[in-house]
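Undergrad:
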Amino acid sequence: MDIHDIHDIHNISTTCTRTEFVGTAVLDTIGLVISGVDDSLLQQMNVGTKYHCLGLFSSRTGAAGQITAIDDAVKATNTEVLSIELPRDTKGWGGHGNYIVLGGNDVSDVRHAISMALELTNKNAGEVYISESGHLEFAFSASAGPAIHKAFGTPLGEAFGFMAGSPAAIGLVMADNAVKSAAVSITKYMTPDIGTSHSNEVIIAISGDASAVKAAVLEGRQTGLELLIGMGTYPEIPGIPYL
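Heads up: the sequence shown begins at 1 in the working numbering, then just goes up one per residue.
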């Protein structure tokens, strides 16, 4: 195919066979692997130069679900989280997307981590709620690993809970009700001007005893759904709620 001839674009198959391609998941998520990244590019990436084999995980919608998926994948493989960024995206809605870089010495380990994270993202997407009015996202892990720690400051090994609400006012009421409902600690507080890419949401990450953290997240979810639906539309859920 002549790449300069746009009329031939449909000669490219939607079934990608490039060696870098690992797969896709819901929420416009893609997983890729570079087996030996270019040295000059690696120098510019600001992720260190320890690893030349990189796993790339990126989506347009969702952050905590994918980060939790990556967290589980890294704990199960010989890989390391090098960077986590939250782009201003969600296809123009209130929340983020994500861009995560992993490193490893063995391409098979990195590919396995990315593949596992894609599978887990499909599960975790059951706690993303998107309507014409706003956006909610929730996540829970009984034991925070390196990805969750890096992104949200949750102490390693402690239970992790996450809730994000858009418009931002919903997120704050969710957070308030959640932390009042159980004995948890706030490890991260994010608003349009604090810690986000100026997205229209309030986010908190919490830690503590697993049962208390899960109870707080469930309280936040109930609050958020009642408020979001009160704006006049029911949200779509790109998965099966699991909390």
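For every residue, glycine included, the Cβ atom is placed at its ideal position computed from N, Cα and C.
Going by CA-CA distance only, name the one from Gln66, Ala178, Gly230 and Gln43 that's closest to aspartate 28.
TA: Residue 28 sits at position 28 when you count from the first residue of the sequence shown. Answer by Cα proximity: Gln66.
Undergrad: Quick one: grab the DSSP three-state call for threonine 233.
TA: The count along the sequence shown starts at 1 and reaches residue 233 at position 233. Note: threonine 233 maps to coil in three-state DSSP.
Undergrad: To the nearest angstrom, report how far apart alanine 144 and glutamate 20 are at their CA atoms.
TA: Here residue 144 refers to the residue found at position 144 of the sequence shown. Here residue 20 refers to the residue found at position 20 of the sequence shown. Their Cα atoms are separated by approximately 29 angstroms.
Undergrad: Can you list, in chain order, the residues of its chain with a C-beta nearer than 8 angstroms to that of methionine 1? Leave out the 5 residues immediately preceding and following it.
TA: Stepping through the sequence shown from its first residue, residue 1 is reached at position 1. Because the pLDDT of methionine 1 is 48, which lies under 50, any placement of that residue in the model is unreliable, and the question is left without a value.
Undergrad: From this set, Pro235, Ile240 and Cys16, which residue's C-alpha is nearest glycine 134's C-alpha?
TA: For the purposes of this step, residue 134 is taken as residue 134 along the sequence shown, with counting starting at 1. Among Pro235, Ile240 and Cys16, the Cα nearest to that of glycine 134 belongs to Pro235.
Undergrad: CB threonine 121 to CB glycine 153, shorter than 7 angstroms?
TA: Reading the sequence shown from its first residue, position 121 is the one you call residue 121. Reading the sequence shown from its first residue, position 153 is the one you call residue 153. Result no, Cβ atoms of threonine 121 and glycine 153 do not sit closer than 7 angstroms.
Undergrad: Do arginine 88 and valine 33 have their C-beta atoms closer together than 7 angstroms?
TA: Taking the first residue of the sequence shown as 1, we reach residue 88 at position 88. Taking the first residue of the sequence shown as 1, we reach residue 33 at position 33. Against a cut-off of 7 angstroms, the Cβ pair of valine 33 and arginine 88 comes out as no contact.
Undergrad: With DSSP as the reference, identify every bridge partner of methionine 45, one or two as the case may be.
TA: The residue you call residue 45 lines up with position 45 of the sequence shown. Answer is none; methionine 45 lacks a bridge partner.
Undergrad: Whether or not the stretch 158 to 171 and the stretch 187 to 204 are in contact is what I'm after, with contact meaning three or more pairs of Cβ atoms, one per stretch, closer than 8 angstroms; do they touch?
TA: These segments touch.
Undergrad: Would a check of beta-carbon distances place glutamine 66 closer than 7 angstroms to chain B?
TA: Absent from the structure is chain B; it holds one protein chain and no more.
Undergrad: Just to confirm before moving on: does the CB-CB distance between valine 22 and glycine 31 stay below 7 angstroms?
TA: Numbered from 1 along the sequence shown, position 22 holds the residue referred to as residue 22. Numbered from 1 along the sequence shown, position 31 holds the residue referred to as residue 31. In contact: valine 22 and glycine 31 (Cβ atoms closer than 7 angstroms).
Undergrad: Alpha carbon to alpha carbon, how far is leucine 86 from glutamate 137?
TA: Here residue 86 corresponds to residue number 86 of the sequence shown, with the count starting at 1. Here residue 137 corresponds to residue number 137 of the sequence shown, with the count starting at 1. Computed Cα separation, rounded: 14 angstroms.
Undergrad: So, are the CB atoms of valine 324 and cysteine 53 less than 7 angstroms apart?
TA: This structure gives no information on residue 324, because the portion of the chain shown stretches from 1 to 243.
Undergrad: To the nearest whole angstrom, what separates the beta carbons of alanine 212 and alanine 183, a pair I think is in contact under 8 angstroms?
TA: Residue 212 sits at position 212 when you count from the first residue of the sequence shown. Residue 183 sits at position 183 when you count from the first residue of the sequence shown. With a Cβ gap of about 5 angstroms, alanine 212 and alanine 183 count as contacting.
Undergrad: Counting along the chain, where does the alpha helix (DSSP H) carrying alanine 178 start and finish?
TA: In the sequence shown, residue 178 corresponds to position 178, counting from 1. First-last of the alpha helix (DSSP H) with alanine 178: 168 to 181.
Undergrad: Mapping DSSP to helix, strand and coil, what is alanine 216?
TA: Taking the sequence shown and counting its residues from 1, the one referred to as residue 216 is at position 216. Of the three classes helix, strand and coil, the one that applies to alanine 216 here is helix, per DSSP.
Undergrad: Entirely within the stretch 142 to 166 and at least 4 residues each: give me those alpha helix (DSSP H) ranges in chain order.
TA: Taking only runs of at least 4 residues, the alpha helix (DSSP H) segments lying wholly in the stretch 142 to 166 are 146 to 152.
Undergrad: Report the option in Leu118, Asp209, Ser83 and Ala210 whose CA atom is closest to the CA atom of methionine 262.
TA: Nothing about residue 262 can be reported from this structure: the residues present for the chain run from 1 to 243 only.
Undergrad: If we ignore side chains and look at the alpha-carbon of each, how far apart do alanine 175 and proline 238 end up?
TA: As a first step, residue 175 is located in the sequence shown; it is residue number 175 there, counting from the start. As a first step, residue 238 is located in the sequence shown; it is residue number 238 there, counting from the start. Approximately 23 angstroms, taken between the alpha carbons.
Undergrad: Using the C-alpha atoms, what's the distance from alanine 25 back to threonine 14?
TA: Numbered from 1 along the sequence shown, position 14 holds the residue referred to as residue 14. Numbered from 1 along the sequence shown, position 25 holds the residue referred to as residue 25. Their Cα atoms are separated by approximately 14 angstroms.
Undergrad: Between alanine 216 and alanine 178, is the Cβ-Cβ spacing less than 7 angstroms?
TA: As a working mapping, residue 216 is identified with position 216 in the sequence shown. As a working mapping, residue 178 is identified with position 178 in the sequence shown. Contact flag set, yes.
Undergrad: With C-beta atoms as the reference, is alanine 73 less than 7 angstroms away from methionine 116?
TA: For the purposes of this step, residue 73 is taken as the residue at position 73 of the sequence shown. For the purposes of this step, residue 116 is taken as the residue at position 116 of the sequence shown. Closer than 7 angstroms, so yes.
Undergrad: Identify, in the order they occur along the chain, each residue of the same chain with its Cβ nearer than 6 angstroms to the Cβ of glutamine 222, setting aside the five sequence neighbours on each side.
TA: In the sequence shown, the residue the question calls residue 222 occupies position 222. Closer than 6 angstroms at the Cβ level, and outside the excluded window around glutamine 222, lies no residue.
Undergrad: Are valine 81 and proline 146 touching if we call contact CB-CB under 7 angstroms?
TA: For this step, residue 81 is matched to residue 81 along the sequence shown. For this step, residue 146 is matched to residue 146 along the sequence shown. Yes. Within cutoff.
Undergrad: Excluding the 5 residues preceding and the 5 following serine 207 in the sequence, name in chain order all residues of the same chain whose CB lies nearer than 8 angstroms to its CB.
TA: By 1-based counting over the sequence shown, the position of residue 207 is 207. Answer for serine 207: Ala144, Thr154, Pro155, Glu158, Ala159, Phe160, Gly161, Val184, Ser185, Thr187 and Val213, listed in chain order.
Undergrad: For valine 26, does the three-state DSSP call read helix, strand or coil?
TA: Here residue 26 is taken as the residue at index 26 of the sequence shown, counted from 1. In the structure shown, valine 26 sits in coil (DSSP, three-state: anything other than H, G, I, E or B).
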